[in-house]
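Visitor:
In full-length UniProt numbering, the protein residues as written are 1 to 287.
Following this line, the structure appears as structure tokens:
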């Protein structure tokens with residue numbers, strides 16, 4: 001059995017802790033033979049290979065009486081880059097418990113459990129459901145809607161340095177004025193309605209006007225400003241922080257894809273530049 005979970009990008013500017021989009025990069029978890037103790041093969045540095053691995057910890061949290069197995073994980077989702085690496089591991093762990101424990105969990109229940117483990121739903125929900133998801137947690141209940149995302153090309157520019165979400169959250173203010181919050185909320189509202197109505201150019205303009213997190217995190221990822229300065233020349237729609245960063249997500253029309261990708265490759269030689277698409281399905285069994 002092989003479980004596949006997509007990468008995700010969250011926030012999309014003003015949709016702070018609520019907008020999420022599944023991408024065509026994946027964590028795959030192959031379930032092999034039963035063993036006396038849990039073991040997970042992978043090629044990542046500083047990631048546990050025993051029962052302390054996040055995938056196994058999540059699986060045994062969901063179903064404590066699971067029989068240990070030999071697992072093999074492969075992933076092209078980099079860690080601490082704002083592409084949902086921890087969320088993909090959590091979702092893989094829940095699905096592992098679901099399959100081995102014969103739990104028959106609904107997607108809604110998986111979203112609920114994943115949010116409990118992760119703390120907020122913006123990455124885990126699209127990793128489970130696929131596509132574009134808007135989600136919110138009120139007390140212990142998760143509210144979400146799933147949508148198609150307007151047609152466009154997506155480029156991700158992945159720096160060669162990590163930025164932990166915890167560090168990125170430390171630069172956020174503890175309080176905002178009422179007036180500031182009203183303006184920030186209004187921008188998010190119209191950005192979302194523009195996305196849902198298919199007005200991508202207006203949506204991208206508004207996403208770039210975010211007031212919730214990007215103004216405070218911009219200094220941590222100075223390349224974002226430098227890429228945005230080339231928007232008119234290159235013809236892309238917008239460049240945004242992916243999650244807490246440092247990865248930068250660029251949305252562009254098809255005719256600007258090659259030019260934009262080549263410019264970023266030339267300008268930021270240490271970055272990993274990839275062309276990805278929206279992944280329409282979430283976690284699934286692929287073998």
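Note that beta-carbon positions come from the ideal geometry of N, C-alpha and C, so glycine has one too.
Leaving out five residues on either side along the sequence, give the residues of the same chain with a beta carbon under 6 Å from the beta carbon of residue 264.
Guide: Against the chain shown, residue 264 aligns to sequence position 264. These residues qualify, in order along the chain: 157 and 273.
Visitor: Is the CB-CB distance between residue 249 and residue 9 below 8 Å?
Guide: What you label residue 249 is simply residue 249 of the chain shown in a count that begins at 1. What you label residue 9 is simply residue 9 of the chain shown in a count that begins at 1. A contact, by the Cβ cut-off of 8 Å.
Visitor: Alpha carbon to alpha carbon, what distance is there between residue 194 and residue 202?
Guide: Translated into the one-based positions of the chain shown, residue 202 becomes position 202. Translated into the one-based positions of the chain shown, residue 194 becomes position 194. Residue 202 and residue 194: Cα-Cα distance of roughly 6 Å.
Visitor: Note the first and the last residue of the continuous alpha helix (DSSP H) segment covering residue 374.
Guide: It is not possible to answer for residue 374, since the shown part of the chain is limited to 1 through 287.
Visitor: Mapping the DSSP letters down to three states, classify residue 93 as helix, strand or coil.
Guide: What you label residue 93 is simply residue 93 of the chain shown in a count that begins at 1. Residue state, collapsed to three classes: helix.
Visitor: Rounded to a whole number of angstroms, what is the C-alpha to C-alpha distance between residue 270 and residue 277?
Guide: Position 270 of the chain shown, counted from the first residue, corresponds to residue 270. Position 277 of the chain shown, counted from the first residue, corresponds to residue 277. Residue 270 and residue 277: Cα-Cα distance of roughly 22 Å.
Visitor: Within its chain, find whatever has a CB closer than 6 Å to the CB of residue 89; leave out the 5 residues flanking it on each side and keep chain order.
Guide: By 1-based counting over the chain shown, the position of residue 89 is 89. Result list for residue 89: 54 and 55, in chain order.
Visitor: Does the Cβ of residue 126 have 16 or more other Cβ atoms within 10 Å, making it buried, or fewer, making it exposed?
Guide: Within the chain shown, the letter at position 126 stands for residue 126. Label assigned to residue 126: buried.
Visitor: DSSP three-state call for residue 146: helix, strand or coil?
Guide: As a working mapping, residue 146 is identified with position 146 in the chain shown. In the structure shown, residue 146 sits in a strand (DSSP, three-state: E or B).
Visitor: Just verifying my parser: in three-state terms, what is the DSSP assignment at residue 190?
Guide: Counting from 1 along the chain shown, the entry for residue 190 is found at position 190. Helix at residue 190.
Visitor: Would you list the one or two residues that DSSP bridges to residue 274?
Guide: Residue mapping note: residue 274 aligns to position 274 of the chain shown, counting from 1. Residue 274 pairs with 156.
Visitor: Provide the residue span of the beta strand (DSSP E) that contains residue 28, from first to last.
Guide: One-based indexing of the chain shown puts residue 28 at position 28. Residues 15-34.
Visitor: Count the C-beta pairs between the stretch 207-224 and the stretch 48-68 that are closer than 8 Å, then say yes if the count reaches three, no if not.
Guide: Too few Cβ pairs lie closer than 8 Å, so no.
Visitor: Buried or exposed for residue 93, going by 16 or more other Cβ atoms inside 10 Å?
Guide: Numbered from 1 along the chain shown, position 93 holds the residue referred to as residue 93. The residue in question, residue 93, is buried, as its Cβ has 16 or more Cβ neighbours within 10 Å.
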